[in-house]
Amino acid sequence: MANITIFEHPLIKHKITLLRDKATGTKDFRTLIEEIAMLMGYEALRDLPLEEIEVETPICKTMAPVVSGKKLAIVPILRAGLGMVSGILALVPSAKVGHIGMYRDEVTHIPHEYYCKLPDNIGERTIIVLDPMLATGGSAVDAVNLIKQRGGKHIKFMSIIAAPEGLKALSEAHPDVEIYCGNLDEKLNENCYIVPGLGDAGDRIFGTK
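Listed below in structure tokens is the structure:
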């Protein structure tokens with residue numbers, strides 16, 4: 691579909707393989723998440739608008755491009771999305787950061803919101819929603835709903851690994867949202883975990899069980 695990008699960059703694929711390995715420890719896992727987010731963000735932000743300003747080089751004055759408009763808004767879905775924030779901030783240090791808190795009912799697998807705090811003037815910003823795993827798509831769909839309810843318009847969604855079910859759910863619920871995925875995996879299992887996946891991204895980022 692036109693609004694979905696699945697990355698084929700060899701560095702992204704290589705780093706995702708390292709993420710999958712159950713022997714990869716917390717420190718390395720966290721670093722890999724940051725690095726993959728940065729590589730994906732480089733491509734996802736290629737259409738940021740530019741304007742020209744006058745600068746003075748050591749040689750002369752010239753007109754040169756800078757990113758225009760309101761600063762980018764980065765919105766991780768808590769808690770796993772936090773692991774991707776520093777990778778995007780490395781590219782755009784001036785970006786504003788909001789947070790959306792979701793938890794999944796262990797029986798029904800339905801996501802529930804418990805927190806939402808977004809930067810001001812959200813309707814004037816390019817918004818990057820971050821979640822390493824796009825499984826059922828429930829949390830992603832609800833997060834985008836919350837952002838739109840608060841005036842957000844230009845929204846991109848970034849996940850490192852996606853299941854076909856989640857990709858379908860998000861793209862159908864929000865066809866105007868640009869979706870960027872590091873890899874499209876095989877399926878969801880009976881517990882709604884991505885197969886082959888990498889386990890619980892939040893637990894592996896923060897070293898919890």
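The sequence shown maps to residues 691 to 899 in my numbering. By construction, the Cβ of each residue, glycine as well, lies at the ideal position given by its N, Cα and C atoms.
### Task
Assuming Ala853 contacts Leu824 (C-beta within less than 8 Å), just tell me the rounded distance between them.
Right, their Cβ atoms sit about 7 Å apart.
### Query
Between Leu708 and Thr716, is the Cβ-Cβ spacing less than 8 Å?
Taking 8 Å as the Cβ cut-off, Leu708 and Thr716 do not qualify as a contacting pair.
### Task
Could you confirm whether any beta carbon from chain C is found closer than 8 Å to the beta carbon of Asn881?
Reference to chain C is not applicable here, since this structure consists of a single protein chain.
### Message
Just to confirm, is the Cβ distance from Leu779 to Tyr732 under 8 Å?
### Response
Against a cut-off of 8 Å, the Cβ pair of Tyr732 and Leu779 comes out as no contact.
### Message
Does the stretch 800-808 come into contact with the stretch 817-832, if we say contact requires no fewer than three beta-carbon pairs (one atom in each stretch) closer than 8 Å?
### Response
Contact check between the stretch 800-808 and the stretch 817-832: three or more CB pairs, one atom from each, fall below 8 Å, which counts as touching.
### Euclidean distance between Cα positions of Ile790 and Tyr804
About 8 Å.
### Query
Which residues in the same chain have their Cβ closer than 8 Å to the Cβ of Thr721, if we skip the five residues on either side of it in sequence?
Shown here for Thr721: not one same chain residue has a beta carbon closer than 8 Å to its own, the five before and five after excluded.
### Message
Tell me the rounded alpha-carbon separation between Ala833 and Glu868.
### Response
Roughly 14 Å separates the two Cα atoms.
### Query
Of the choices Ile723, Met753, Ile696 and Gly759, whose alpha-carbon is the least far from that of Arg894?
The candidate whose alpha carbon is nearest that of Arg894 is Ile723.
### Message
Looking at the secondary structure, which residues open and close the alpha helix (DSSP H) in which Gly856 lies?
### Response
First-last of the alpha helix (DSSP H) with Gly856: Pro854 to Ala863.
### Query
What are the start and end residues of the beta strand (DSSP E) that includes Ile694?
Counting along the chain, the beta strand (DSSP E) containing Ile694 begins and ends at Ile694 to Ile696.
### Task
Measure the C-alpha to C-alpha separation of Leu836 and Leu857 and round it to an integer number of angstroms.
The alpha-carbon of Leu836 is positioned some 18 Å away from that of Leu857.
### Query
Going straight from the alpha carbon of Cys806 to that of Lys751, what length do you get?
It is roughly 45 Å from the alpha-carbon of Cys806 to the alpha-carbon of Lys751.
#### Entry: Residue ranges of each beta strand (DSSP E) within the stretch 758-825, 3 or longer
List check, beta strand (DSSP E) in window: 763-768, 789-794, 801-807 and 816-820.
### Message
I'd like the span of the alpha helix (DSSP H) that includes Leu722, first residue to last.
### Response
Counting along the chain, the alpha helix (DSSP H) containing Leu722 begins and ends at Thr716 to Ala734.
### Message
Checking 8 Å against the spacing of the C-beta atoms, do Glu742 and Pro755 come in under that value?
### Response
In this structure, Pro755 lies closer than 8 Å to Glu742 by Cβ.
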